[in-house]
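Numbering (the UniProt record's numbering), first residue to last: 1 to 159.
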């Protein structure tokens, strides 16, 4: 299907997006905290990936490739948003489940720094290996493992 999309088949491209829709949404939600920002990142990612699909070297890496584009888009949005600081973002909110009294997972993950949050989302929510993450983020595999260990430690402290 990727090869068809590379040849300009819009339906094939849309099928690829549909197949990966949940994954790219979860990654965007794991990085960004604002619904509008998530929508912007997804929209920009789809447009850029459609325009650049010809640059994808190996068809089997489509998911990794589109997630890398998404992460870049999310980082652009985060840099843009750093110019404006909202007080409600500075508050350390904890969201509790009415049924179980547990801290809501997304709130806890969102409390992590950007590098720890991206690594955590890719590893735990997208089931990517440390090797895949290292290749996607262009960092050493040891750095991925280190970030995951730091994230687990911070999450334990938070909970």
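All C-beta atoms, glycine included, are put in the ideal place defined by N, C-alpha and C.
Here the structure is a predicted model, which means the values were calculated and not measured.
Problem - Sequence-distant residues of the same chain with beta carbon closer than 8 Å to residue 51, five excluded per side - result: Residue numbering aside, residue 51 sits at position 51 when the chain shown is read from its first letter. Result list for residue 51: empty, nothing under 8 Å.
Handout entry: Beta-carbon proximity of residue 119 to residue 144, cut-off 7 Å
Key = What you label residue 119 is simply residue 119 of the chain shown in a count that begins at 1. What you label residue 144 is simply residue 144 of the chain shown in a count that begins at 1. In this structure, residue 144 lies closer than 7 Å to residue 119 by Cβ.
Problem - Residue range of the unbroken alpha helix (DSSP H) whose run includes residue 15 - result: By 1-based counting over the chain shown, the position of residue 15 is 15. First-last of the alpha helix (DSSP H) with residue 15: 10-31.
Problem - Outcome for residue 140 when other beta-carbon atoms lying within 10 angstroms are tallied against a minimum of 16 - result: On the chain shown, position 140 is the one that residue 140 refers to. Looking at its Cβ environment, which holds fewer than 16 other Cβ atoms inside 10 Å, residue 140 is exposed.
Practice task
Work out the CA separation of residue 28 and residue 125 for me, nearest whole Å.
Solution key: For this step, residue 125 is matched to residue 125 along the chain shown. For this step, residue 28 is matched to residue 28 along the chain shown. Answer to the nearest angstrom: the Cα atoms are 11 Å apart.
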